Structure formats: C-alpha cells, structure tokens
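Visitor: Read in the UniProt record's numbering, the sequence shown has 88 at position 88, and its numbers run on one by one without any break. This is the structure, below, for whatever I ask next.
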Amino acid sequence: MLNTILHCLFLFPDRVSSRFFFKRYDASSDMWSLGCMAFELLTGHYLFDPQDGDEDERDEDHLDMCQRLLGAIPADVIARGVWPKKYFEDQDDFPDTPNSELSLLFSQKFGFTGKEADEASAFILPMLDFNTQSRVTALDCLANAWLNDIE
C-alpha cells in the first residue's frame, strides 16, 4: 500500500516529504496539485520534475524548483519542518516574492503569446501559494474569467 496520495511531481511543498512538514491533507493540497496538472495540460510537461537520486536529493531538488519559480518559501512554513536547517540554509538565493517566471516559461519555452502566458499564469499561480490558508479554492478557480474565455 502506498503512503502518498498522488504522484510526487504534483506534491505541494508542505508535503513534498512527510519528513519536512507534518500536515494533514486538505482541499488546499488538491489545489496545489491542480495547479501542477493545469500546467501539464497546457504544455505537455511537468511543472516540477525533480531529478533522479535518493529521496533526500529529489525532495531538495523539488523544493528548489518551487522556490526558483515562486519565490522563497515563507519562514513560518519552513518553521513547521522537522529539519528546516538542513534543507533551507540557502534561502537568500531565492526571491522574496513571486515573480513573472511562470509567464516567461509559458512564452519563452512553450510559445504562448504574452497575453496567453499572463492569463494562464494568473490562473495557475494562486493555486501554487505556499501559504495553504491563502491558496485559492476550487470555487475561486471556477469563477476565474480565463476559464470562460478559452476557445
């Protein structure tokens, strides 16, 4: 029996490994996964694809990818970790706030127009909020105008 609820590529950073953060799964967990899957559906590629290695290396690589795209994981999220010092010594390497990296990824790597990239990013980024309490809900996503504008 597996002790994970989904593939590691869709795991949210507060559960990349149960060794990092002990948190119950809830709807916010599903929203993170949905953001990753939406990216994959739009591009045919995984948003976060940690490289092979042992479990520690993959977990660290996954967290690094999340932070490079979304900004530094907030200190209060890191503080919930069991071994935060080991995995978060280089926090200064990451931006403090999310940036336009996702939009640039859509346009530069996948050929989206600037408008398409910005709209797709605006839809997906709220699902990838490190703070589980402020992460969007499914109802928020359904109300997003971008879903109604897709042809």
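We put the beta carbon where it would ideally sit given N, CA and C, even for glycine. This one's a predicted model, so the numbers in the text were calculated from it and none came from an experiment.
#1: For phenylalanine 112, which residues of its own chain have a beta-carbon under 6 Å away from its beta-carbon, when the five flanking residues on both sides are left out?
#2: Among the candidates Asp149, Glu60, Thr137, Asp76, whose CA atom is the shortest distance from the CA of serine 29?
#3: Please classify serine 134: does DSSP put it in a helix, a strand, or coil?
#4: Taking only the alpha-carbon atoms, compute the straight-line gap between glycine 71 and glutamate 116 and give it to the nearest angstrom.
#5: Short of 6 Å in beta carbon distance, which residues of its chain neighbour proline 126, apart from the five on each side in sequence? Order them along the chain.
#6: When the Cα atoms are used, what is the spatial distance from aspartate 149 to alanine 143?
#7: Please report the straight-line C-alpha distance between aspartate 54 and histidine 62, rounded to a whole angstrom.
Guide: Per the coordinate set shown:
#1: Sequence-distant partners of phenylalanine 112 (beyond 5 residues in either direction) whose C-beta falls short of 6 Å from its own C-beta, in its chain, are Phe106.
#2: Ranking the options by Cα distance to serine 29, first place goes to Thr137.
#3: The answer is coil: DSSP assigns serine 134 none of H, G, I, E or B.
#4: Distance between the alpha carbons of glycine 71 and glutamate 116: 22 Å.
#5: Close CB contacts of proline 126 within its chain, under the 6 Å cut and outside five residues either way in sequence, are with Val136 (chain order).
#6: Near 12 Å, if we compare the C-alpha coordinates of alanine 143 and aspartate 149.
#7: Their backbone Cα atoms lie some 12 Å apart in a straight line.
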